[in-house]
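Asks: Here it is: the structure, laid out below.
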Amino acid sequence: FSDLSSGINAEYGRTEPTQCLQCGMVYSNSVHEDEQNHSRFHKRFLKASSFTGWKSERVVEEYHDGRIILVNQNDPKSHVRKMEEVREVVDVDLGITDRTPAPAAKELQAFLYISNANKVIAAAFVEHIEKGYPCISSHVPDSTGKLPLTHAQPILP
């Protein structure tokens, strides 16, 4: 069977997954659809991760290798657009396929870590919530031996 598999690989080209060193996407470069998806994601990633800087940045903290800036929905459109570009890449990376619209104005904020090389290298998105639900372990293992989490009463009014 391994001889047949080797023959298939030699005849049709490389079929093992490849990980892009720039955007991190894993794809099969022998599958046309994968190549197209990688190309689209790669362009979005490069656009979202590049940062030229703004005159009116809201710098939260500065470090020897970069700075943290705060962006919210009331900022200029170019700032909000960058926040959405980064959010889209993060959502894809987390496997979120059903993106909900951003929360109402004034609610969504992003803390972006900008390196001295003008790249967005980290992001934290924050939004106001009305209720919080703690997850409490039931202390009773399920069929897989793991402790399941259960929802409790809201902790915020």
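Residue 622 is where the sequence shown starts when you use this note's numbering, and the numbers rise one by one after that. By construction, the Cβ of each residue, glycine as well, lies at the ideal position given by its N, Cα and C atoms. Since the model is a prediction, treat every value here as computed from it, not as a measurement.
Assuming A669 and E706 form a contact by the criterion Cβ under 8 Å, report the distance between their Cβ atoms to the nearest whole angstrom.
Replies: That pair is a contact at about 4 Å.
Asks: Hey, out of S764, T673, T765, E654, whose CA is closest to V741's CA?
Replies: Comparing Cα positions, the closest option is T673.
Asks: Just the Cα atoms here: how many angstroms apart are Q640 and H685?
Replies: Their backbone Cα atoms lie some 30 Å apart in a straight line.
Asks: CB-CB under 6 Å to V680, same chain, minus the five flanking residues each way: which ones, in chain order?
Replies: Counting only Cβ-Cβ distances below 6 Å, and skipping sequence neighbours, we find R688, I690.
Asks: What would DSSP say about Q694, mapped onto helix, strand or coil?
Replies: Of the three classes helix, strand and coil, the one that applies to Q694 here is coil, per DSSP.
Asks: On a CA-only basis, which of C644, E751, E709, I735 is nearest E683? Give me that one, please.
Replies: Per the Cα distances, I735.
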